[in-house]
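Asks: The structure's right below; bear with me while I get my questions together.
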Amino acid sequence: MTEIKIEKKKSIFPWILLALGIIAAIWFLFFRNQEVVEPMETETTRENTQVPESNGAVNAYLMFIEDTEADMGLDHEYTNDALMKLTNAVEAKASETNFDVSDNIMKAKQIAEEITKDPMSKDHANKIRSAADILSSSMHNMQKEKFSNLTAEGNAVKTAAESIDPATLTLDQKDAVKSFFRTSAELLKKMN
5 MTEIKIEKKK
15 SIFPWILLAL
25 GIIAAIWFLF
35 FRNQEVVEPM
45 ETETTRENTQ
55 VPESNGAVNA
65 YLMFIEDTEA
75 DMGLDHEYTN
85 DALMKLTNAV
95 EAKASETNFD
105 VSDNIMKAKQ
115 IAEEITKDPM
125 SKDHANKIRS
135 AADILSSSMH
145 NMQKEKFSNL
155 TAEGNAVKTA
165 AESIDPATLT
175 LDQKDAVKSF
185 FRTSAELLKK
195 MN
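Set out below in structure tokens:
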């Protein structure tokens, strides 16, 4: 004779309880608080970086450093733009305060232009460091002579320039280069 096996049907009851438990948990977490939360109105204020119209170059540099979303890339356009704007700002501030930096400005502009000539060159960091040293020395000397109350800021610019390592590729030390640009902007802002 053949044997007939009868299998007992598995209960679906535990699955129904699990589904009800999940639904109850979702309801508890999301729908238990019926209060309508009014969105808060926030007022965005931006630090005023406007400088007198007579010094548009400083204003242009400050706005470039604050507002730019550009990042340093292989073409070094950002670095070139920042160095050129910083050079122009230092030149304008020196002119405004009757401080002579003309030799240093010419050297810094020449170096800034060289950066974009050969994008694959491995000595960009060396050139950026040279320009940073020239500009930080100019700003530091101007600060010592004309703005003696800004000693800490002048020293910060020198330190930021010295933190750029000529032996390291520029893209490997973006933070150090950007830090130099930011500390320079802070000093120029306080000189106004």
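Whatever position you read off the sequence shown (first residue = 1), add 4 for the working numbering. For every residue, glycine included, the Cβ atom is placed at its ideal position computed from N, Cα and C. Please read these numbers as outputs of a predicted model, since none were measured by experiment.
(1) Assign V105 to one of three DSSP states: helix, strand, or coil.
(2) Just verifying my parser: in three-state terms, what is the DSSP assignment at H171?
(3) By the three-class DSSP mapping on this structure, what secondary structure does H80 have?
(4) Measure from the alpha carbon of H144 to the alpha carbon of each residue in K162, M110, W19, then state which is nearest.
(5) For E95, does the three-state DSSP call read helix, strand or coil?
(6) By Cβ distance below 8 Å, which residues in the same chain neighbour F184 in space, the five residues on each side in sequence not counted?
(7) Cutting at 7 Å between CB atoms, please list the residues of its own chain near N52, excluding the five before and the five after it.
(8) Mapping DSSP to helix, strand and coil, what is D137?
(9) Beta-carbon within less than 8 Å of K131's beta-carbon, same chain only, minus the 5 sequence neighbours each way: which residues are those?
(10) Do the CB positions of A96 and A61 come within less than 8 Å of each other?
(11) Below 7 Å CB to CB, which residues in the same chain sit around K194 once its five sequence neighbours on both sides are set aside?
(12) Between the alpha carbons of N59 and F34, how many angstroms are there, rounded?
(13) Which term fits S106, buried or exposed, when burial requires 16 or more other beta carbons within 10 angstroms of its beta carbon?
(14) Distance check for A171 and E100, CA to CA, integer angstroms please.
(15) Which residues in the same chain as D93 place their Cβ atom closer than 6 Å to its Cβ, once the five residues preceding and following it in sequence are excluded?
(16) Please report whether the beta-carbon of M67 lies at a distance below 8 Å from any beta-carbon of chain D.
(17) Starting from S188, trace the alpha helix (DSSP H) both ways and give me its first and last residue.
(18) Under 7 Å Cβ to Cβ from K178, same chain only, skipping five residues before and after it: list those, please.
(19) Would you identify the three-state DSSP class for D127, choosing helix, strand or coil?
Replies: Let me spell this out:
(1) Residue state for V105 is assigned as coil, using DSSP reduced to three classes.
(2) For clarity, residue 171 is Ala in the given sequence; the question names His instead. Residue state, collapsed to three classes: coil.
(3) Annotated three-state conformation of H80 is coil, per DSSP.
(4) Nearest option by C-alpha distance: K162.
(5) Of the three classes helix, strand and coil, the one that applies to E95 here is helix, per DSSP.
(6) Correct list, in chain order: A136, S140, V161, A164, A165, S167, I168.
(7) The predicted model places N52 with a pLDDT of 49, which falls under 50 and marks its position as unreliable, so this point remains unresolved.
(8) It is helical.
(9) Within the same chain, and ignoring the five residues on either side of K131 in sequence, the residues whose Cβ sits closer than 8 Å to its Cβ are I115, E118, I119.
(10) The answer is yes: Cβ separation under 8 Å.
(11) If we look at K194 and ignore the five residues flanking it on each side, its Cβ neighbours are L154, E157.
(12) In a straight line, the C-alpha of N59 is about 56 Å away from that of F34.
(13) Of the residues assessed, S106 falls on the exposed side of the cut-off, its CB having fewer than 16 other CB atoms within 10 angstroms.
(14) Going from the Cα of E100 to the Cα of A171 covers about 36 Å.
(15) According to the sequence provided, residue 93 is Ala. The question's Asp does not apply to it. Excluding positions up to five away in sequence, the list reads A61, V62, Y65, L192.
(16) In the structure shown, chain D does not exist; there is a single protein chain.
(17) 178–195 is the extent of the alpha helix (DSSP H) around S188.
(18) M76.
(19) The answer is coil: DSSP assigns D127 none of H, G, I, E or B.
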